[in-house]
Ligand SMILES: [Zn+2]
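Residue numbers (the working numbering): 784 to 1367.
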């Protein structure tokens, strides 16, 4: 790989405006000098992310996420620094020669490589003489060669040692083979976990293969799948099936459809519906909803039509609502999943269902009505209580009003009574979200030394004058992570003879902890201007700290000293140190 100079990296960064780039991912509104948007890096619905055109940086005042255009894209798209450089250079129209770059090395490199080998093996098999009946099975289900190729569908062979032998020949360690979830060590030795199955690769959000779903195809019991166990690279709760393939389409169409299974995704894709991702049948996680939020706020949940699917729909909608997305819901008749539905009724009818998706509260009305006899007043009361509870989570006033109107009609209760109930509820049981936030913003009590360090760093990040003063007068901070940050700021300044925060971020991109510390400092509510007196105060406080800890050390020493003369010497030293503080 060609290593780029700092100057080249800065040129790439300067070829774009961070405001344009960030606003291609999330909507920004101008307020004063800066632009604001809803932060994609934590669950929020308030615009706490500030983007500065002047400084070319972004900062979230809630979670502390901060950085320049590179770190934004790296975190948002989960790209490596090199991949990001390429992307930004592309946007800015700068030509760079990064050669044949590979993503940065990963500690699970071997596991990814095992999957690369397995994938070539499985894909090849399906096109050999052994693949005949598997291919027939797929073609019968409307797969064509193009889809088989695009989704990487392959075949594991009847001989259950083939892949293992191949991998061992390629010098992978047996520990890694076991860890990959593709090989098992049983009474017969090392063997393939998958044999004689159609292999559907499961990918992480960047498109790398990290697992398989192996499907029986040659007997009646054809619903049987085996999914790879969770491994260090395959964590169901962190990935969404088809994310890498669907993300552009979702952004283009400003809509994403979430389904449960990978077969639903492929069936949709075959029929031209390509803005679809799947949860892989597990309860949706915070990480997954944040990924979805990055695509678009317009979400349709289209899970399986059975009761389990309805429960999963409810859970998924509430996770989405928690991050500020009000989803729409599609429920399929006859307990069908999207795959069955399209096969049975055709894609036109499916598309019609999508167009007629119901709002989330209408879904909840149906959900909570299910198995209840609303002519019974007790059951009506508990139904109303459930709905009011769900309404508390909703921000959309119109949707709230509409729903209140509906339950007023259903129950015969006056809408103002229901509204009062809702307000009352809001008071007694605070929203989950508000409760969470209060915990987050509870100010930590910090001592004056820490505060001085923080304040000094705040201005070091703003002015090279302060960096120089720090160098001359302090050059050492008591708190390790602040000391580390001050050191890096200094180093950057000495190397480059200037200090610019946006360039500094390029310099520390691979140090997450350091970026976090910068975020923490940036979040401080300090004024832009400073006086040298204030800076002196901070410096003196930090010096006091050093003196005090030195005094403490000497006191301990004196305490342990048996020689009277030595004791006196130490006492003298302590006195001198203390005088030093007072005269400063
Ligand atoms: Zn944030």
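All residues carry an ideal CB built from backbone N, CA and C; glycine is no exception.
Buried versus exposed, by CB contacts within 10 Å (16 or more), residue i
{"i": "residue 1087", "result": "buried"}
{"i": "residue 1146", "result": "buried"}
{"i": "residue 1359", "result": "exposed"}
{"i": "residue 1311", "result": "exposed"}
{"i": "residue 1180", "result": "exposed"}
{"i": "residue 1290", "result": "buried"}
{"i": "residue 1052", "result": "buried"}
{"i": "residue 1223", "result": "With a pLDDT of only 42 at residue 1223, under the threshold of 50, the placement of this residue in the model should not be trusted, and no figure is reported."}
{"i": "residue 810", "result": "exposed"}
{"i": "residue 1127", "result": "exposed"}
{"i": "residue 982", "result": "buried"}
{"i": "residue 878", "result": "exposed"}
{"i": "residue 1002", "result": "exposed"}
C-beta contact flag for residue i and residue j at 8 Å
{"i": "residue 1011", "j": "residue 985", "result": "yes"}
{"i": "residue 1061", "j": "residue 1082", "result": "no"}
{"i": "residue 997", "j": "residue 939", "result": "yes"}
{"i": "residue 854", "j": "residue 1288", "result": "yes"}
{"i": "residue 849", "j": "residue 830", "result": "no"}
{"i": "residue 897", "j": "residue 955", "result": "yes"}
{"i": "residue 1293", "j": "residue 926", "result": "no"}
{"i": "residue 1130", "j": "residue 1055", "result": "yes"}
{"i": "residue 801", "j": "residue 856", "result": "no"}
{"i": "residue 808", "j": "residue 859", "result": "yes"}
{"i": "residue 1303", "j": "residue 847", "result": "yes"}
{"i": "residue 1318", "j": "residue 1236", "result": "no"}
{"i": "residue 1044", "j": "residue 1064", "result": "yes"}
{"i": "residue 1238", "j": "residue 1309", "result": "yes"}
{"i": "residue 1174", "j": "residue 1205", "result": "yes"}
{"i": "residue 1272", "j": "residue 1315", "result": "no"}
{"i": "residue 988", "j": "residue 868", "result": "no"}
{"i": "residue 1040", "j": "residue 1085", "result": "yes"}
Residue i versus residue j - alpha carbon distance
{"i": "residue 758", "j": "residue 1264", "result": "This structure does not reach residue 758, given that the chain is present from 784 up to 1367, and the question cannot be answered."}
{"i": "residue 1215", "j": "residue 1322", "result": "Residue confidence for residue 1215 is low, a pLDDT of 41 falling below 50, so the modelled location carries little weight; the figure read from the coordinates is stated next. Between residue 1215 and residue 1322, the C-alpha separation is close to 42 Å."}
{"i": "residue 974", "j": "residue 948", "result": "8 Å"}
{"i": "residue 1378", "j": "residue 1090", "result": "Outside the displayed range of the chain (784 to 1367) lies residue 1378, so it cannot be described from this structure."}
{"i": "residue 1057", "j": "residue 918", "result": "23 Å"}
{"i": "residue 1198", "j": "residue 1078", "result": "37 Å"}
{"i": "residue 797", "j": "residue 1153", "result": "58 Å"}
{"i": "residue 1202", "j": "residue 1102", "result": "24 Å"}
{"i": "residue 1018", "j": "residue 992", "result": "12 Å"}
{"i": "residue 814", "j": "residue 845", "result": "17 Å"}
{"i": "residue 1279", "j": "residue 837", "result": "20 Å"}
{"i": "residue 1249", "j": "residue 1297", "result": "19 Å"}
{"i": "residue 933", "j": "residue 914", "result": "17 Å"}
{"i": "residue 1240", "j": "residue 1151", "result": "54 Å"}
{"i": "residue 1354", "j": "residue 1338", "result": "8 Å"}
{"i": "residue 1136", "j": "residue 862", "result": "36 Å"}
{"i": "residue 1257", "j": "residue 818", "result": "36 Å"}
{"i": "residue 1328", "j": "residue 1253", "result": "15 Å"}
{"i": "residue 929", "j": "residue 1048", "result": "15 Å"}
{"i": "residue 1099", "j": "residue 1120", "result": "16 Å"}
{"i": "residue 893", "j": "residue 1299", "result": "30 Å"}
{"i": "residue 1350", "j": "residue 1231", "result": "31 Å"}
{"i": "residue 852", "j": "residue 792", "result": "12 Å"}
Residue i (DSSP reduced to helix, strand or coil)
{"i": "residue 819", "result": "strand"}
{"i": "residue 828", "result": "coil"}
{"i": "residue 839", "result": "coil"}
{"i": "residue 937", "result": "strand"}
{"i": "residue 1049", "result": "helix"}
{"i": "residue 1041", "result": "strand"}
{"i": "residue 1358", "result": "helix"}
{"i": "residue 1260", "result": "coil"}
{"i": "residue 998", "result": "strand"}
{"i": "residue 1279", "result": "helix"}
{"i": "residue 984", "result": "strand"}
{"i": "residue 1107", "result": "coil"}
{"i": "residue 1061", "result": "strand"}
{"i": "residue 1169", "result": "helix"}
{"i": "residue 1326", "result": "helix"}
{"i": "residue 1141", "result": "strand"}
{"i": "residue 1345", "result": "coil"}
{"i": "residue 1117", "result": "helix"}
{"i": "residue 1016", "result": "coil"}
Short CB-CB distance (under 8 Å) between residue i and chain C
{"i": "residue 1280", "result": "The question asks about chain C, but that chain is absent: this structure has only one protein chain."}
Could you check whether the stretch 1017-1028 touches the stretch 941-952, counting it as contact only if at least three pairs of C-beta atoms, one from each stretch, sit closer than 8 Å? Contact between the stretch 1017-1028 and the stretch 941-952 is not established, with fewer than three Cβ pairs separated by less than 8 Å.
Indicate whether the contact test is met: 3 or more Cβ pairs, each with one atom in the stretch 1139-1155 and one in the stretch 1179-1189, closer than 8 Å. yes
Do three or more CB pairs link the stretch 870-880 to the stretch 900-907 at distances below 8 Å? no
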